[in-house]
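*Asks:* Residue numbers (the working numbering), protein chains in the order written: chain A, 696 to 1137; chain B, 696 to 1137.
2 protein chains.
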Amino acid sequence: MIPARVIERKRDGHALEPDVLAGFLEAYFRGEVPDYQMAAFLMAAYLRGLDDEETEVLVRCMLESGRTLDLSHLPGPRVDKHSTGGVGDKVSLVLAPLVAALDVFVPMMSGRGLGHTTGTLDKLEAIPGFQTDVSLARFKEILRDVGCAMIGQTSEIAPLDKRLYALRDVTGTVSAIPLIAASIMSKKLAEGLTGLVLDVKVGAGAFIPEEERAQELARKMVAIGTARGLPTVALLTAMDRPLGHAIGNGLETAEAIRCLRGEGPADLRELVVVEAAEMLRLGYPDVAPAEARARAESKLDSGSALERFVRLVEAQGGEPRVADEPDGLKTSSVRIAVAAERPAVVLEVAPRALGEGVIALGGGRTMMHQPIDFGVGFEVPVSPGDQIAAGDLLGVVHAKDDDGARAGTEILRRAVRLGEPGERAPDVRPLVWRRLGADDAP
Amino acid sequence: MIPARVIERKRDGHALEPDVLAGFLEAYFRGEVPDYQMAAFLMAAYLRGLDDEETEVLVRCMLESGRTLDLSHLPGPRVDKHSTGGVGDKVSLVLAPLVAALDVFVPMMSGRGLGHTTGTLDKLEAIPGFQTDVSLARFKEILRDVGCAMIGQTSEIAPLDKRLYALRDVTGTVSAIPLIAASIMSKKLAEGLTGLVLDVKVGAGAFIPEEERAQELARKMVAIGTARGLPTVALLTAMDRPLGHAIGNGLETAEAIRCLRGEGPADLRELVVVEAAEMLRLGYPDVAPAEARARAESKLDSGSALERFVRLVEAQGGEPRVADEPDGLKTSSVRIAVAAERPAVVLEVAPRALGEGVIALGGGRTMMHQPIDFGVGFEVPVSPGDQIAAGDLLGVVHAKDDDGARAGTEILRRAVRLGEPGERAPDVRPLVWRRLGADDAP
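The following block contains the structure:
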């Protein structure tokens, strides 16, 4: 294996033999291939592609670079959910306790905010005292006792992916479908799961906005999981508008808790129920789809899901009172209600502008390890197609000071695009646009 | 200038604004952009291309990274020749003293053997005592006194090119036309020339074998020279067979000296005369083409060129006796004459096989700074189309021991491909295939 020859073959569009590609990746992990050769390879792979066999080699090398969890001590199925990331996506916080209440173990490893999206770990840490960096031993205990546990990626899982991701981030090679698919799946395959649901976002607020490329990503990931014996279902869901009303860490956590209480926006509840039903059926394939939905809804309405959430928060050191007083998570000192100045129709609620707005208000990161303000963000109760009267609320800006409030108001007014009353808003994508199971992967 | 954004724009096929590209290159040169980001950029540039304006920015940044020679003290035109490298190409050793004898100063900076080709510096160092690493001050003195001087690239010239070349060499990004063009031209533009002849090789033994890509390289280089006010002519010349008969450092030097003595292979003499005439006319545009040729031939035949060569060798510390006894440069201990076993026609003399054969015999490098054996190589007096009788000489192998001689014989027999007597050999390319001057560049 001569590194420059491997790079040249990929540059010229050839598929690499599995042992050649594996030799290259393993040599990189051992430090024998320098970052600059890997960077050239990643760019060649970005522009020339990796086929399914090459992607599988990448997954295997990432997986084998670290350890794999053994969760066979748990007396039941183990199913996780991964989202490719969207604006206002607080589903995980509702889903993990809900699915635990359905007798499926949920060993969830999540990430921080990335680019214009907030991250599950940050939302959890908006809860006073909540610890996301617990040991793997403690993670297993909580999982057994509560039915779910929510932590960050540990450095023991797929460390090769961690190094490659850091390099991709600074060399313009993040958004290649096979690289994304391998990165996500290598981590999920290490979790010791018996089933996996993937939420692949499509639309302007997604990292891969285009329908065709998002479908290709979903297809690749389902194929990887299936080939390795992990039953995997991908849902392609709408990210042409934010999910729910709240955008910003603490605001989203509060909204998630309201969903757990049977309240909150309908689109959030619907996506939670759909994903919970998929996870339940991966754990118990005999349950019919309609029955799975009904059980999920009942656990939300009965308070069982909320009860699991409280146990989870307590187990991970957090303040359980937030379950009763979710509005206590709205900690910003300045709040500005933004109203419509004239009658109008809402044409668009631009997700990316609002996601980037959270960063501008101090609620997101532009560099790793930056401290963030959990209180800032937006609440936007309107949706595309809504008819608005003069004076109606378009949204609330949560900011740390008056300057932030002014900037946030500007951002909100631009993100909520208004048309003349009676004007037809562009069609929005159905919330759950496509579903891809093992049978749909070629 | 955010490095990752620059890489992404090139990745997506956009042309970069001059100040953005220059900022990126300058930051790399200052050490603020790491090798891994430059490697990703180079691969993106390889696969997406650089347009003429971007290539010009690259040339400018390389040129400005180092110093530029001022040769205005010389009382006459200053013209150099650069070859993209071919098997058996010993033209420079004849050309520099010949053109000096035509009253054109030749400040020649050359390279070492690269891949399957030998290099001018190595051929010069086959002459006992010859120094190629003289100071720039001494270089100028020799140039003034002899009319020509031949040294290696100094680290003061285009150091950015040197760093980029080292990185390209290990990241599969050497053979991109704009990168090659910028690398060659930045060095030549630093030499303080008033004219430049480029010998761009085409055919199986060239680094860029394909006609179309070789023409594109020639066109780019002529455009770069012309845009910067350096009159530049490119000749596209045949490299589907070796040039001359000798391949290997000392053997080639001996053949070059025979050419200076008015002897030696016709193709070598012809290419020398064509290139000398071009250089003379760049120095003295009033001289008509036929007159330029005639003057070059007469300087070879009169011994004037040889006399300059002797002065050059003496000035650079070498043993001038080689001019009278060129066969003294044939220093290998084992020589095997390889004869035809049956009547045949020569279909092909494969240049790359013979060039790589020189490395196999110990006469070339696989790593920088490796010591090499100047004596080894091949003499192949046959050409495609020659009719051969049984027992006729196909070539002589020069090796350092019997093992080498055996391996060399095998290589030679394979490189000289024979057909049935009377069989038609494939057409060979005319020695000088195309000529490209400033008027031909768009």
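Backbone N, C-alpha and C define an ideal beta-carbon position, used for all residues, glycine too.
Alpha carbon to alpha carbon, how far is Q910/A from L930/A? Give it in angstroms, no decimals.
*Replies:* If you take the alpha carbons of L930/A and Q910/A, they lie about 9 Å apart.
*Asks:* Nearest to L888/A by alpha carbon, out of T866/A, S1027/A, S767/A?
*Replies:* S767/A
*Asks:* Measuring alpha carbon to alpha carbon, tell me which residue in D840/A, P980/A, R1101/A, G1072/A is nearest H1093/A.
*Replies:* Answer by Cα proximity: G1072/A.
*Asks:* With distances taken between CB atoms, is the gap from G1059/A to A699/B smaller than 8 Å?
*Replies:* no
*Asks:* Could you check whether V1053/A and I952/A sit closer than 8 Å to each other, using their CB atoms as the reference points?
*Replies:* no
*Asks:* Report the residue from S1078/A, I1067/A, Q848/A whose alpha carbon sits nearest the alpha carbon of G1057/A.
*Replies:* I1067/A
*Asks:* What are the residues that DSSP puts in a beta bridge with R1016/A?
*Replies:* In the DSSP output, where bridge partners are listed per residue, R1016/A has none listed.
*Asks:* Using the beta-carbon of each residue, which ones in chain B are nearer than 9 Å to V865/A?
*Replies:* P698, A699, I702, P729, Y731, Q732, A735
*Asks:* Between R773/B and the rest of its own chain, which residues show a CB-CB distance below 7 Å, the 5 nearest in sequence each way excluded?
*Replies:* L766, F800, P802, G887, L888, T889
*Asks:* Taking the Cβ atom as the reference point for each residue, do V819/B and M845/B lie within a distance shorter than 8 Å?
*Replies:* First, the residue type needs correcting, since residue 819/B is Leu and not Val in the sequence shown. Yes, the Cβ-Cβ distance between L819/B and M845/B is below 8 Å.
*Asks:* Distance, Cα to Cα, I875/B vs A791/B?
*Replies:* 24 Å
*Asks:* Given 8 Å as the limit, is there contact between the region 716–725 of chain B and the region 1117–1131 of chain A, that is, 3 or more CB pairs closer than that?
*Replies:* no
*Asks:* Note down, in chain order, every chain A residue with its Cβ under 7 Å from the Cβ of Y741/B.
*Replies:* R706
*Asks:* Please determine, among F1069/B, V1077/B, L816/B, the residue with the shortest C-alpha to C-alpha distance to K651/B.
*Replies:* Coverage of chain B is limited to positions 696 through 1137, which leaves residue 651/B absent and any answer about it impossible.
*Asks:* For a contact meaning CB atoms closer than 7 Å, what does L862/B contact in chain A?
*Replies:* Y731
*Asks:* Using a threshold of 8 Å, state whether the C-beta atoms of S1078/B and V1044/B are closer than that.
*Replies:* yes
*Asks:* Answer yes if the region 1082–1093 of chain A comes into contact with the region 1024–1038 of chain A, meaning at least three C-beta pairs across the two stretches below 8 Å, and no otherwise.
*Replies:* yes
*Asks:* Thinking C-beta only, is A1000/B closer than 8 Å to K994/B?
*Replies:* yes
*Asks:* Residue ranges of each beta strand (DSSP E) run of no fewer than 3 residues wholly in the region 862–898 of chain A, ordered along the chain?
*Replies:* 890–897
*Asks:* Compute the Euclidean distance between the alpha carbons of R706/A and A740/A, then round it to the nearest angstrom.
*Replies:* Going from the Cα of R706/A to the Cα of A740/A covers about 7 Å.
*Asks:* Suppose the cutoff is 7 Å on Cβ atoms and the five residues either side in sequence are ignored; what does the same chain contact list for D730/A look like?
*Replies:* L862
*Asks:* Here's the rule: buried if 16 or more other CB atoms are within 10 angstroms of the residue's CB, otherwise exposed. What is G824/A?
*Replies:* exposed
*Asks:* Near P713/B, what residues of its chain come up, given a Cβ to Cβ distance below 7 Å and the 5 sequence neighbours on each side ignored?
*Replies:* E748, V752
*Asks:* Do L977/A and V841/A come within 8 Å of each other at the CB atom, strictly closer than that value?
*Replies:* no
*Asks:* How many angstroms separate the CA atom of R762/B from the CA atom of S881/B?
*Replies:* 11 Å
*Asks:* Enumerate in chain order the residues of its own chain whose CB-to-CB distance from A1048/A is below 7 Å, with the five nearest sequence positions on each side excluded.
*Replies:* I1106, R1109, A1110
*Asks:* What residues from chain B crowd round M738/A, counting only those whose CB sits closer than 7 Å?
*Replies:* R706, A735, M738, A739
*Asks:* What span of residues does the beta strand (DSSP E) with I1031/A cover, start to end?
*Replies:* 1029–1034 is the span of the beta strand (DSSP E), which, as asked, contains I1031/A.
*Asks:* Quick check on P1116/A: does DSSP put it in helix, strand or coil?
*Replies:* coil
*Asks:* Per DSSP, which residues does Q1082/A bridge with? Please list them.
*Replies:* According to the DSSP secondary-structure assignment, Q1082/A is paired through a beta bridge with V1040/A.
*Asks:* Check this for me: beta carbons of L1024/A and A949/A, under 8 Å apart or not?
*Replies:* The answer is yes: Cβ separation under 8 Å.
*Asks:* Give the straight-line distance between the Cα atoms of A991/A and V967/A, rounded to the nearest whole angstrom.
*Replies:* 9 Å
*Asks:* With respect to the alpha helix (DSSP H) encompassing V841/B, which residues constitute its N-terminal and C-terminal limits?
*Replies:* Judged by DSSP secondary structure, V841/B falls within the alpha helix (DSSP H) whose first and last residues are 831–841.
*Asks:* Are P1116/A and V1029/A close, meaning C-beta to C-beta below 8 Å?
*Replies:* no
*Asks:* Going by C-alpha distance, which of L946/B, I903/B, K915/B is nearest T932/B?
*Replies:* Selection L946/B, I903/B, K915/B evaluated against T932/B yields I903/B as nearest (Cα-Cα).
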